[in-house]
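In the working numbering, the protein residues as written are 14 to 215. Before any comments, here is the structure.
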């Protein structure tokens, strides 16, 4: 009776070895392809990046100076500083992609511009939240709407704006937020949509 079990065990080991070998070969190919693209990317000459879709912060649409609250003033100063810097949303491109497109010499600058974008998204939500806490709910709307317009994937940007729409009798606009969130290429997409649907149906 031991022989059938031994045979099955040998078959199991053979199958396991086959799949392990295939997985190793696939991983080797992935690694080789990565380094091949990296080598190619590192040979690209510097490209002109002056005409990329840089983001401009519309400070004139924000309630700058509406209050002498220290926290609000700090957020406004942060936004003014960011407004003087170059900002790009490069979140869907890897470093290799950027080097292939614009040359490795531009990578430090592009990485800085992308970091400015991430900082901007966080500051917009923090600024809007502070406005709301200080009673400036209507004034927070254009701040949050700007975040949506530049493809923010911060959940609070959507939920705060949806709550304000409901309070202002503009609940129909929540569907616009849902449509926008549905188009996001982000890990936060599902969580944002779930929260928006909850607010819409509340």
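For each residue, glycine too, the CB sits at the ideal point set by N, CA and C. All values reported here derive from a predicted model rather than from experimental measurement.
Problem set entry | Coarse secondary structure for residue 184, derived from DSSP in three states | For the purposes of this step, residue 184 is taken as residue 171 along the chain shown, with counting starting at 1. In the structure shown, residue 184 sits in coil (DSSP, three-state: anything other than H, G, I, E or B).
Notebook entry, point to check: Can residue 72 and residue 96 be called in contact, C-beta distance under 8 Å?
Noted result: The residue given as residue 72 occupies position 59 in the chain shown. The residue given as residue 96 occupies position 83 in the chain shown. Yes, Cβ-Cβ distance for residue 72 and residue 96 is below 8 Å.
- Message: Given this structure, state the Cα-to-Cα distance separating residue 39 from residue 33, to the nearest angstrom.
- Response: Here residue 39 corresponds to residue number 26 of the chain shown, with the count starting at 1. Here residue 33 corresponds to residue number 20 of the chain shown, with the count starting at 1. The alpha-carbon separation between residue 39 and residue 33 amounts to approximately 10 Å.
Nearest-angstrom Cα separation, counted from residue 158 out to residue 139: Here residue 139 is taken as the residue at index 126 of the chain shown, counted from 1. Here residue 158 is taken as the residue at index 145 of the chain shown, counted from 1. Spanning the alpha carbons of residue 139 and residue 158 requires a straight line of approximately 14 Å.
**Message:** For residue 207, report the span of its alpha helix (DSSP H) as first-last.
**Reply:** To locate residue 207, count along the chain shown from 1; it is residue 194. Taken as a continuous stretch (DSSP letters only), the alpha helix (DSSP H) holding residue 207 covers 202–214.
| query | Is the distance from the Cβ of residue 129 to the Cβ of residue 60 below 8 Å? | reply | Counting from one through the chain shown, the residue named residue 129 turns up at place 116. Counting from one through the chain shown, the residue named residue 60 turns up at place 47. No, these two residues do not count as a Cβ contact at 8 Å.
ask   = residue 146 by DSSP, collapsed to three states: which one?
value = Translated into positions along the chain shown, residue 146 becomes position 133. Assignment of residue 146 by DSSP, reduced to helix, strand and coil, places it in the helix class.
| task | Can you give me the start and stop residues for the alpha helix (DSSP H) that residue 110 sits inside? | result | Numbered from its first residue, the chain shown carries residue 110 at position 97. For residue 110, the uninterrupted alpha helix (DSSP H) segment begins and ends at 108–115.
Shortest alpha-carbon distance to residue 145 belongs to which of 85, 78, 55, 65? Taking the chain shown and counting its residues from 1, one reaches residue 145 at position 132. If we check each option's Cα against that of residue 145, 85 comes out closest.
### Query
Whose C-beta lies closer than 6 Å to the C-beta of residue 50 among residues of the same chain, with five residues either side of it excluded?
Along the chain shown, one-based indexing puts residue 50 at 37. Same-chain partners within the cutoff: 109.
Item checked: DSSP state of residue 33 mapped onto helix, strand, coil -> Stepping through the chain shown from its first residue, residue 33 is reached at position 20. In the displayed model, residue 33 falls within a helix according to three-state DSSP.
How many whole angstroms separate the CB atoms of residue 62 and residue 115, which I take to be in contact at a CB cut-off of 8 Å? Within the chain shown, numbered from 1, the residue matching residue 62 stands at position 49. Within the chain shown, numbered from 1, the residue matching residue 115 stands at position 102. The beta-carbon separation of residue 62 and residue 115, rounded to 6 Å, stays under the 8 Å limit for a contact.
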